[in-house]
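Beneath this line is the structure, given in structure tokens, with notes to follow.
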Amino acid sequence: MNWIERQTHTRTNHAQMLVGREEGLYLRDFVVRNNCKRVLEIGTFTGYSLACLADGAKTLGGRVDAIEINKELDYIIEEGLKRAGVSELVKVSYGDALEILPSIAEEYDLVFIDADKRQYPQYYELTLPLVKPGGYILADNVSWYGRTSSHEDPKSAGISSFNSIVESDSLVESHLVDIRDGLLVIRRR
Ligand SMILES: C[S@@+](CC[C@H](N)C(=O)[O-])C[C@H]1O[C@@H](n2cnc3c(N)ncnc32)[C@H](O)[C@@H]1O
């Protein structure tokens with residue numbers, strides 16, 4: 002994971018997009034504690050959170066799928082997963098999650114959402130049917146740096162609308178974990 006973090010700082014201008022060490026450890030432990038053998042990530046960037054999720058799944062003999070729209074940084078993802086010793090249990094699909102998700106016929110114990118904030122409501126709608134009863138969706142950045150009350154920009158509006166949809170959905174229960182920019186833990190009933 003350290004290698005991915007360093008490469009991200011050196012080779013991109015967007016290292017702030019990484020979940021970082023504290024949340025990365027939280028994700029890894031969440032997978033292990035909740036026995037999440039089948040995991041899906043939406044929004045992989047350079048593979049940091051993916052490596053953390055996969056590290057947890059590895060201890061369970063599990064597998065992780067991931068969807069990333071931008072293929073330009075695939076060399077960091079691939080080498081990073083290799084160095085983390087998790088390449089064999091991870092499959093990354095490159096493309097738009099909104100197009101790929103409807104074609105997935107698998108069920109997951111955990112879906113981690115961390116892609117385009119404007120599209121959170123659509124990711125939720127498309128992933129909830131893929132989550133096993135008793136399984137989880139973790140959604141990152143739901144506090145959106147305190148801007149969720151402003152609907153003026155599309156990302157704030159997307160997160161705000163997502164939070165409202167989850168809150169009023171009787172199919173799930175949820176709570177906010179105050180880590181980094183807010184992580185919403187959603188459990189399918
Ligand atoms: C915040 S970054 C992900 C960071 C990563 N989860 C981590 O912490 O290591 C968001 C990523 O979502 C990707 N993304 C945006 N829209 C997407 C879409 N519609 N489908 C798949 N990936 C998308 C972006 O290219 C970007 O790499």
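Each residue of the sequence shown is one higher than the last, beginning at 2 in this note's numbering. Glycine residues also receive a C-beta, built at the ideal position from the N, C-alpha and C atoms. Note that this is a predicted model, so its numbers are computed, not measured.
*Quick one: grab the DSSP three-state call for L139.*
strand
*By Cβ distance, which residues of its chain are closer than 6 Å to V140, with the 5 residues on each side in sequence left out?*
Before going further, note that residue 140 is Ala rather than Val in the sequence given. These residues qualify, in order along the chain: I114, L185.
_Tell me the DSSP secondary structure of V32 in three-state form._
helix
*Rounded to a whole number of angstroms, what is the C-alpha to C-alpha distance between A67 and Q120?*
17 Å
*Is it buried or exposed for A106, if we count other Cβ within 10 angstroms and need 16 for buried?*
exposed
*Please state if the CB of A116 and the CB of V91 are separated by a distance shorter than 7 Å.*
no
_What does the alpha-carbon distance come out to for the pair G183 and E89?_
31 Å
*asked:* Three Cβ pairs or more, each shorter than 8 Å: is that satisfied between the stretch 45-53 and the stretch 6-23?
replied: yes
*Beta-carbon proximity list for S151, same chain, < 6 Å, skipping 5 on both sides*: S157
_Nearest to V167 (by Cα), restricted to the options G159, D154, R181, I187_ = I187
*Mind checking R189: buried by the 16 CB within 10 Å criterion, or exposed?*
buried
*Assumed close pair A98, Y76 - CB separation to whole angstroms, cut-off 8 Å*: Contact flag wrong, Cβ pair sits at about 21 Å.
*Sort I160, L172, Y146 by Cα distance to D1 and report the nearest one.*
A question about residue 1 goes unanswered here, because the residues of the chain that appear run from 2 up to 190.
*asked:* Quick check on the burial criterion: 16 or more other C-beta atoms within 10 angstroms. Buried or exposed for L82?
replied: buried
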